[in-house]
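Colleague: A single structure is presented below for examination.
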Amino acid sequence: MRETASEVLVVGSGFGGGLAAHALLEAGYRVRMLERGPWLRHWEPSAPRGPGDLGPFFETRIPHRIGAGGNGVVPDDHANVGGPSVYFAAVSSRFREADFEPAPEIVGDSGAEWPFDYRELEPYYGRAEVALGI
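Under this note's numbering, read the sequence shown as residues 17 to 150, first letter to last.
Here you go:
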């Protein structure tokens with residue numbers, strides 16, 4: 017195996033890792049990514065299947081689990097190269113300005129307030145949408 021030097025190691029290749037690696041590469045850094053999951057098996061996109069039937073294409077070794085106290089199912093962890101970005105269908109909703117305002121019943125210094133508002137986040141939404149092809 018050929019040895020190559022890198023300046024930055026990004027752990028995880030899902031949305032966060034992929035966008036971080038993209039920004040670092042654009043800034044001129046040599047980047048390597050580390051992913052714990054496998055490459056997904058190749059499949060023919062036009063193969064007949066039921067709507068939403070993507071299960072056979074993902075290899076997960078983590079069984080369904082019940083959350084603490086028996087309340088709710090903990091979602092599967094589909095660790096794979098690209099994470100959920102390989103099957104998210106290019107749909108990603110932005111938070112609204114109102115989503116950054118605490119609910120009226122939360123008063124005082126509850127820690128529920130966002131440390132920034134929509135205006136501060138908006139340019140990053142745009143950059144992420146361009147990078148993800150949304």
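A virtual CB, placed ideally from N, CA and C, is assigned to each residue, including glycine.
(1) For ARG135, does the three-state DSSP call read helix, strand or coil?
(2) Between GLY98 and GLY32, what straight-line distance do the alpha-carbon atoms span, to the nearest angstrom?
(3) Identify whether ARG18 lies in helix, strand or coil by the three-state DSSP scheme.
(4) Since I believe VAL47 is in contact with SER29 (beta carbons under 8 Å), could you give me their beta-carbon distance rounded to a whole number of angstroms?
(5) Express the C-alpha separation of PRO131 and TRP55 in angstroms, rounding to a whole number.
(6) Please report the straight-line C-alpha distance between LEU50 and GLY44, rounded to a whole angstrom.
(7) Beta-carbon separation of ILE150 and SER108 under 7 Å?
(8) Mapping DSSP to helix, strand and coil, what is VAL102?
(9) Rounded to whole angstroms, what's the CA-CA distance from ALA147 to LEU25? Just pull it up for me.
(10) Within its chain, find whatever has a CB closer than 7 Å to the CB of HIS38; leave out the 5 residues flanking it on each side and keep chain order.
(11) Straight-line CA distance for GLU138 to ARG18?
Modeller: Taking the definition as stated:
(1) Numbered from its first residue, the sequence shown carries residue 135 at position 119. In this structure, ARG135 counts as helix in the three-state DSSP scheme.
(2) By 1-based counting over the sequence shown, the position of residue 98 is 82. By 1-based counting over the sequence shown, the position of residue 32 is 16. Whole-angstrom Cα-Cα distance: 10 Å.
(3) Against the sequence shown, residue 18 aligns to sequence position 2. Residue state, collapsed to three classes: coil.
(4) Position 13 of the sequence shown, counted from the start, is the residue given in the question as residue 29. Position 31 of the sequence shown, counted from the start, is the residue given in the question as residue 47. The pair is not a contact, with the Cβ atoms about 11 Å apart (cut-off 8 Å).
(5) Counted from its first residue, the sequence shown places residue 55 at position 39. Counted from its first residue, the sequence shown places residue 131 at position 115. Going from the Cα of TRP55 to the Cα of PRO131 covers about 37 Å.
(6) Translated into the one-based positions of the sequence shown, residue 50 becomes position 34. Translated into the one-based positions of the sequence shown, residue 44 becomes position 28. So the alpha carbons of these two residues sit roughly 19 Å apart.
(7) Locating residue 150 in the sequence shown gives position 134, where the first residue counts as 1. Locating residue 108 in the sequence shown gives position 92, where the first residue counts as 1. Cβ atoms of ILE150 and SER108: closer than 7 Å.
(8) Against the sequence shown, residue 102 aligns to sequence position 86. VAL102: helix per DSSP, three-state reduction.
(9) Against the sequence shown, residue 147 aligns to sequence position 131. Against the sequence shown, residue 25 aligns to sequence position 9. Spanning the two alpha carbons is a distance of roughly 20 Å.
(10) Residue numbering aside, residue 38 sits at position 22 when the sequence shown is read from its first letter. If we look at HIS38 and ignore the five residues flanking it on each side, its Cβ neighbours are ALA147.
(11) As a working mapping, residue 138 is identified with position 122 in the sequence shown. As a working mapping, residue 18 is identified with position 2 in the sequence shown. Their Cα atoms are separated by approximately 41 Å.
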